[in-house]
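K.L.:
Number of protein chains: 2
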Amino acid sequence: MNMELSGRGKPSPEKSHRVMARDNADPLSVGIGLNAAIVAVLDNEPVVLIVRKDPDSAGATDVLPFGPFNPREHRTLEGGLRAWVQDQTGLDLGYAEQLYTFADRGRHSEPADTSPHVVSIGYLALTEASRDHGLTHGIWRSWYQFFPWEDWRRSRPEIISAEIEPRLKLWAERAVTNGSQSGSIARADRVRICFGLDGAAWDEEKVLERYELLYEAGLIEEAVRDGRSAAQSWTDRPKLGLPMQSDHRRILATAIGRTRAKIKYRPVVFELMPPEFTLYELQKTVEAILGPHLHKQNFRRLVEGAGLVEATGEVKTRTGGRPAKLFRFRKEVLLERPAPGVRVSAPPSRN
Amino acid sequence: MNMELSGRGKPSPEKSHRVMARDNADPLSVGIGLNAAIVAVLDNEPVVLIVRKDPDSAGATDVLPFGPFNPREHRTLEGGLRAWVQDQTGLDLGYAEQLYTFADRGRHSEPADTSPHVVSIGYLALTEASRDHGLTHGIWRSWYQFFPWEDWRRSRPEIISAEIEPRLKLWAERAVTNGSQSGSIARADRVRICFGLDGAAWDEEKVLERYELLYEAGLIEEAVRDGRSAAQSWTDRPKLGLPMQSDHRRILATAIGRTRAKIKYRPVVFELMPPEFTLYELQKTVEAILGPHLHKQNFRRLVEGAGLVEATGEVKTRTGGRPAKLFRFRKEVLLERPAPGVRVSAPPSRN
DNA sequence: CTACATATGCTCCAATAGAGCATATGTAGG
DNA sequence: CCTACATATGCTCTATTGGAGCATATGTAG
Numbered sequence: 001m002n003m004e005l006s007g008r009g010k011p012s013p014e015k016s017h018r019v020m021a022r023d024n025a026d027p028l029s030v031g032i033g034l035n036a037a038i039v040a041v042l043d044n045e046p047v048v049l050i051v052r053k054d055p056d057s058a059g060a061t062d063v064l065p066f067g068p069f070n071p072r073e074h075r076t077l078e079g080g081l082r083a084w085v086q087d088q089t090g091l092d093l094g095y096a097e098q099l100y101t102f103a104d105r106g107r108h109s110e111p112a113d114t115s116p117h118v119v120s121i122g123y124l125a126l127t128e129a130s131r132d133h134g135l136t137h138g139i140w141r142s143w144y145q146f147f148p149w150e151d152w153r154r155s156r157p158e159i160i161s162a163e164i165e166p167r168l169k170l171w172a173e174r175a176v177t178n179g180s181q182s183g184s185i186a187r188a189d190r191v192r193i194c195f196g197l198d199g200a201a202w203d204e205e206k207v208l209e210r211y212e213l214l215y216e217a218g219l220i221e222e223a224v225r226d227g228r229s230a231a232q233s234w235t236d237r238p239k240l241g242l243p244m245q246s247d248h249r250r251i252l253a254t255a256i257g258r259t260r261a262k263i264k265y266r267p268v269v270f271e272l273m274p275p276e277f278t279l280y281e282l283q284k285t286v287e288a289i290l291g292p293h294l295h296k297q298n299f300r301r302l303v304e305g306a307g308l309v310e311a312t313g314e315v316k317t318r319t320g321g322r323p324a325k326l327f328r329f330r331k332e333v334l335l336e337r338p339a340p341g342v343r344v345s346a347p348p349s350r351n
Numbered sequence: 001m002n003m004e005l006s007g008r009g010k011p012s013p014e015k016s017h018r019v020m021a022r023d024n025a026d027p028l029s030v031g032i033g034l035n036a037a038i039v040a041v042l043d044n045e046p047v048v049l050i051v052r053k054d055p056d057s058a059g060a061t062d063v064l065p066f067g068p069f070n071p072r073e074h075r076t077l078e079g080g081l082r083a084w085v086q087d088q089t090g091l092d093l094g095y096a097e098q099l100y101t102f103a104d105r106g107r108h109s110e111p112a113d114t115s116p117h118v119v120s121i122g123y124l125a126l127t128e129a130s131r132d133h134g135l136t137h138g139i140w141r142s143w144y145q146f147f148p149w150e151d152w153r154r155s156r157p158e159i160i161s162a163e164i165e166p167r168l169k170l171w172a173e174r175a176v177t178n179g180s181q182s183g184s185i186a187r188a189d190r191v192r193i194c195f196g197l198d199g200a201a202w203d204e205e206k207v208l209e210r211y212e213l214l215y216e217a218g219l220i221e222e223a224v225r226d227g228r229s230a231a232q233s234w235t236d237r238p239k240l241g242l243p244m245q246s247d248h249r250r251i252l253a254t255a256i257g258r259t260r261a262k263i264k265y266r267p268v269v270f271e272l273m274p275p276e277f278t279l280y281e282l283q284k285t286v287e288a289i290l291g292p293h294l295h296k297q298n299f300r301r302l303v304e305g306a307g308l309v310e311a312t313g314e315v316k317t318r319t320g321g322r323p324a325k326l327f328r329f330r331k332e333v334l335l336e337r338p339a340p341g342v343r344v345s346a347p348p349s350r351n
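Spelled out as structure tokens, the structure:
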């Protein structure tokens, strides 16, 4: 890459900061962290693989598998990620895709006025939890423990009305006097859209937007840690999900949002399934990810109609009722038109 | 970010390479390049903003606006990008979104065995070309000059059958003897799916996949430059679009694919339009991006029905026919349900 | 053998979207 | 002024999709 333009960067002469346990003299070089949100579904519960920093201490923060990108060793970013995951969990990653690259200042437990010098690249990996792919370290934890307001499987989570809604509305009001920032959407509207308040529809894909909103409002523990919540009056700040180290919860939010979106238009559910499964098990897995219950007959029709699966010829008998046919993923769909996902149209939203 | 794991990186002691016109002693630090694919539509032609490296020299390679991320100056990645764009083109960027982070070795005109030490983050920006947002440098160039095989506005580009298809089939055959690489899709299938051969449907969103396939097959000038095409027998290699510096063409491919995908489910077309426009102008803009012609009446019905636009009350008379009503974007849709794009269902592909 | 639970097939219907016809209202040229 | 023409715009007809529910099949448990 030609960098003849570097000179315009006007690098400041101030001393560099110690990052990644090393000294860094070049103002244009940064460390890159590779972070993996490894998702599976275990007993109808969507889970993510956690590597506890210190499993014994009580106040230990949850951590995703991660490590620095080392251009000497890693030929590609994804290769580096796989190496770190292998190293830290023993897991041999299957499906993986890049999510996003974050570099905001002060999102890493450092003083906010410090240059980050570190950039986080988040990855989403999907795997089958029940099968042993070499996993030796790490624990599976429900992703709803980190995002309780995302769990709509039973019904609307009470935490929204009880804790989130009133505090966000307060936060939105405090900004009204600042005059309407033309161009950007007003706080109150963002709150309404993100959390589906006042008649707005809940969009299960907006996981990151919701997290960022809560962070911005200082309602997230990480925001306090990062010095974003200027010691507000709400010392009664509620516990909104388990915190994570660094910006890992933000990465996980991105991963959940992407999983929910992608499952609808690409056949990625099957990364979460065993080689053979019943259609009901498949449906339960989708529902674990997306939340709302689906119409069973229509789900079957859609999945079969799209040619996503083929019967193995065998049945699973211990279902408590009529035996269910076993299916397997029809890999040939990948060779056909824009291979679809399990399309689930939104509920008949009257709008 | 906690980097207690850095020690496992087993940094090799070999001398570091000179990258980005500077020395870099730390094996874990890399330079980050911010690259902008700035897209507009000018006279029904989708264009991208190019900053010629050397406008006068004949063999000059096209370059996207780009510059290194400087954590001292740039609070965020996107902020850094905007600063570089402003600096190099005078343009004040409006809509921008991150695309992808690339770090493959040897994609930067360097020897392939050299560590990259530089990571490229690509961004997509949409703007209105006809309006002056401060643009002082750079030229608009049709994106189809870089990707002639993507131009389906008239009909199927001849370059596919004439140049691409035979060479890719040859390339696919050469790999058959290697035994079928289990797990990955066979070359022949990839070729078929990517380019819609042998009855497969053309997916206008697979821009990056197609480019990568051509690169892999050594049919792209950048692949030769990067030393990927081992001086094959085809010294008769055809000119498949204009080359670009570094990995900029790959970034542009990502940008085109994303634009085509996003225009269908988010109201981003309007970033490309003037404040007021006729529905026909809007349709022409969408067609410039997506290619196939749309049914005029249905397009109107969909756009109006989705509440994306509102009439200004005025008409544009110099249309050569009945005057067209002028419309403007109804920004309120952003406050409604998952604000839709201009849904255009695929042609009645019999499948 | 019966009650029950789940699987599975099929029908009905509302909403969506593709396609085309008909009409409105300008410009251009005699 | 009048006519040919071009584009805009409204409306209808119809095929397809997807939401919802009924009916039947085939197991297990007591």
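From first to last, the protein sequence lines are chains A and B. Take the first sequence: its position 39, counting from 1, is numbered 39 in this note's numbering, and each next residue is one higher. Take the second sequence: its position 153, counting from 1, is numbered 153 in this note's numbering, and each next residue is one higher. No residue lacks a Cβ here, since even glycine has one placed at the ideal position from N, Cα and C. All values derive from a computational prediction rather than experimental measurement.
Given a cut-off of 7 Å on the beta-carbon distance, is the pair P68(A) and W143(A) in contact?
P.N.:
The residue given as residue 68(A) occupies position 68 in the first sequence. The residue given as residue 143(A) occupies position 143 in the first sequence. Cβ atoms of P68(A) and W143(A): not closer than 7 Å.
K.L.:
How is I289(A) classed by DSSP in three states: helix, strand or coil?
P.N.:
Here residue 289(A) refers to the residue found at position 289 of the first sequence. Three-state result, I289(A): helix.
K.L.:
Would you please verify whether the beta carbon of S29(B) is less than 7 Å from any beta carbon of chain A?
P.N.:
For the purposes of this step, residue 29(B) is taken as residue 29 along the second sequence, with counting starting at 1. Yes, contact with chain A.
K.L.:
Taking DSSP as the reference, what is the three-state secondary structure of M3(B)?
P.N.:
Against the second sequence, residue 3(B) aligns to sequence position 3. Per-residue confidence for M3(B) stands at a pLDDT of 35, beneath the threshold of 50, marking its modelled position as unreliable; the derived number appears in the next sentence. Here M3(B) sits in coil by DSSP.
K.L.:
Would you say I121(A) faces chain B, with C-beta separation under 7 Å as the test?
P.N.:
Here residue 121(A) refers to the residue found at position 121 of the first sequence. Yes, I121(A) lies at the interface with chain B (some Cβ there is under 7 Å from its Cβ).
K.L.:
Report the rounded CA-to-CA distance for V30(B) versus P148(B), giving the unit in angstroms.
P.N.:
Your numbering for residue 30(B) matches position 30 in the second sequence. Your numbering for residue 148(B) matches position 148 in the second sequence. Going by the C-alpha atoms only, they are around 34 Å apart.
K.L.:
I193(A) to W202(A), Cα distance in whole Å?
P.N.:
In the first sequence, residue 193(A) corresponds to position 193, counting from 1. In the first sequence, residue 202(A) corresponds to position 202, counting from 1. Each residue's alpha carbon lies about 8 Å from the other.
K.L.:
Could you tell me if G360(B) is buried or exposed, where buried requires 16 or more neighbouring beta carbons within 10 angstroms of its beta carbon?
P.N.:
Since the displayed chain B opens at 1 and closes at 351, residue 360(B) lies outside it and no answer follows.
K.L.:
In terms of residue numbering, what span does the alpha helix (DSSP H) encompassing A223(A) cover?
P.N.:
Along the first sequence, one-based indexing puts residue 223(A) at 223. Residues 221-225.
K.L.:
To which residues does DSSP link M244(B) through a beta bridge?
P.N.:
Numbered from 1 along the second sequence, position 244 holds the residue referred to as residue 244(B). Answer is D62(B), bridged to M244(B).
K.L.:
From this set, E97(B), E281(B), A188(B), R82(B), which residue's C-alpha is nearest V315(B)'s C-alpha?
P.N.:
Counting from 1 along the second sequence, the entry for residue 315(B) is found at position 315. Considering only alpha carbons, the answer is E281(B).
K.L.:
Which residues of the segment 195-227 of chain A have a Cβ closer than 9 Å to any Cβ of chain B? Give them in chain order.
P.N.:
Against chain B - using a Cβ distance shorter than 9 Å - the residues of the segment 195-227 of chain A are A200, A201, D203, E205, K206.
K.L.:
In chain order, what residues of the segment 75-103 of chain A put their CB closer than 7 Å to some CB of chain B?
P.N.:
The segment 75-103 of chain A vs chain B, Cβ under 7 Å: R75, T76, L77, D87, Q98, Y100, T101, A103.
K.L.:
Output needed for I355(A): all residues of its chain with C-beta closer than 6 Å, excluding positions within five of it in sequence on either side, in chain order.
P.N.:
Any property of residue 355(A) remains undetermined from this structure, which presents chain A solely from 1 to 351.
K.L.:
Of all the options E222(B), K239(B), W152(B), P238(B), which has the alpha carbon lying nearest to the alpha carbon of G196(B)?
P.N.:
Here residue 196(B) corresponds to residue number 196 of the second sequence, with the count starting at 1. For G196(B), the nearest C-alpha among the options comes from W152(B).
K.L.:
Kindly give me the distance between the Cβ atoms of R105(A) and R300(B), rounded to whole angstroms, as I take these residues to be in contact under 8 Å.
P.N.:
If you number the first sequence from 1, residue 105(A) lands on position 105. If you number the second sequence from 1, residue 300(B) lands on position 300. About 47 Å separates the two Cβ atoms, so there is no contact after all.
K.L.:
Looking only at DSSP bridge pairs, what is G67(B) linked to?
P.N.:
As a first step, residue 67(B) must be located in the second sequence, where it is residue number 67. Paired residues: L34(B).
K.L.:
Is it right to say S246(A) is buried, meaning 16 or more other beta carbons lie within 10 angstroms of its own, or is it exposed?
P.N.:
Counted from its first residue, the first sequence places residue 246(A) at position 246. S246(A) comes out buried.
K.L.:
In this structure, what does DSSP give as the bridge partners for T101(A)?
P.N.:
Position 101 of the first sequence, counting from 1, holds the residue named residue 101(A). Per DSSP, I121(A).
K.L.:
Between P274(A), T312(A), R187(A), R330(A), which lies nearest to A324(A) when the distance is taken from Cα to Cα?
P.N.:
Here residue 324(A) corresponds to residue number 324 of the first sequence, with the count starting at 1. It is T312(A) whose Cα lies nearest to the Cα of A324(A).
K.L.:
Round the Cβ separation of L124(A) and E97(A) to the nearest angstrom and send it over; I've been treating them as touching at under 8 Å.
P.N.:
On the first sequence, residue 124(A) is found 124 positions in, with the first residue counted as 1. On the first sequence, residue 97(A) is found 97 positions in, with the first residue counted as 1. Between E97(A) and L124(A) the Cβ distance is about 5 Å, and since that is below 8 Å, they are a contact.
K.L.:
Under a three-way DSSP split, which group does G313(B) fall into?
P.N.:
Counting from 1 along the second sequence, the entry for residue 313(B) is found at position 313. If DSSP states are grouped into helix, strand and coil, G313(B) belongs with the strands.
K.L.:
Measuring CA to CA, which of L219(B), R258(B), E304(B), A253(B) is closest to E165(B)?
P.N.:
Mapped onto the second sequence, residue 165(B) falls at position 165. It is L219(B) whose Cα lies nearest to the Cα of E165(B).
K.L.:
Using 10 angstroms around the beta-carbon of T136(A), count the other beta-carbons present and answer buried if the total reaches 16, otherwise exposed.
P.N.:
Taking the first sequence and counting its residues from 1, the one referred to as residue 136(A) is at position 136. T136(A) should be labelled exposed.
K.L.:
What are the boundary residues of the beta strand (DSSP E) that includes W143(B)?
P.N.:
On the second sequence, residue 143(B) is found 143 positions in, with the first residue counted as 1. Neither: W143(B) is in no beta strand (DSSP E) and is coded neither H nor E.
K.L.:
Excluding five sequence neighbours on each side, which residues of the same chain lie with their C-beta closer than 6 Å to the C-beta of N44(B)?
P.N.:
Here the question's residue 44(B) lines up with position 44 in the second sequence. Only K284, A288 meet the Cβ criterion.
K.L.:
What number of angstroms, rounded off, separates the C-alpha of S155(B) from the C-alpha of T127(A)?
P.N.:
Taking the second sequence and counting its residues from 1, one reaches residue 155(B) at position 155. Taking the first sequence and counting its residues from 1, one reaches residue 127(A) at position 127. Taking the straight line joining both Cα atoms gives about 42 Å.
K.L.:
On the three-state DSSP scale, how would you describe K206(B)?
P.N.:
The residue given as residue 206(B) occupies position 206 in the second sequence. Three-state DSSP puts K206(B) in coil, outside helix and strand.
K.L.:
For N35(B), decide whether its Cβ has a neighbour in chain A, counting only Cβ atoms nearer than 7 Å.
P.N.:
Here the question's residue 35(B) lines up with position 35 in the second sequence. Output row for N35(B): interface = no.
K.L.:
For the alpha helix (DSSP H) that contains K296(A), what are its first and last residues?
P.N.:
Locating residue 296(A) in the first sequence gives position 296, counting from the first residue. Where K296(A) is concerned, the enclosing alpha helix (DSSP H) stretches over 296-305.
K.L.:
Between the alpha carbons of A255(B) and A162(A), how many angstroms are there, rounded?
P.N.:
What you label residue 255(B) is simply residue 255 of the second sequence in a count that begins at 1. What you label residue 162(A) is simply residue 162 of the first sequence in a count that begins at 1. One C-alpha to the other measures close to 42 Å.
K.L.:
Mark D92(B) as exposed unless 16 or more other C-beta atoms lie within 10 angstroms of its C-beta, in which case mark it buried.
P.N.:
Along the second sequence, read from residue 1 onward, the residue named residue 92(B) stands at position 92. D92(B) should be labelled exposed.
K.L.:
Counting only beta-carbon separations shorter than 7 Å, does L432(B) have a partner in chain A?
P.N.:
As displayed, chain B neither begins before 1 nor continues past 351, which places residue 432(B) out of reach and without an answer.
K.L.:
Please decide whether P71(B) counts as near chain A, where near means a Cβ-Cβ distance under 7 Å.
P.N.:
The residue labelled residue 71(B) in the question sits at position 71 within the second sequence. Yes, contact with chain A.
K.L.:
Quick one: give me the first and last residue of the alpha helix (DSSP H) that E45(A) is part of.
P.N.:
Taking the first sequence and counting its residues from 1, the one referred to as residue 45(A) is at position 45. Premise fails: E45(A) lies in the beta strand (DSSP E), 45-50, not in any alpha helix (DSSP H).
K.L.:
Can you tell me whether DSSP reads R322(B) as helix, strand or coil?
P.N.:
Locating residue 322(B) in the second sequence gives position 322, counting from the first residue. R322(B) falls in the coil class under three-state DSSP.
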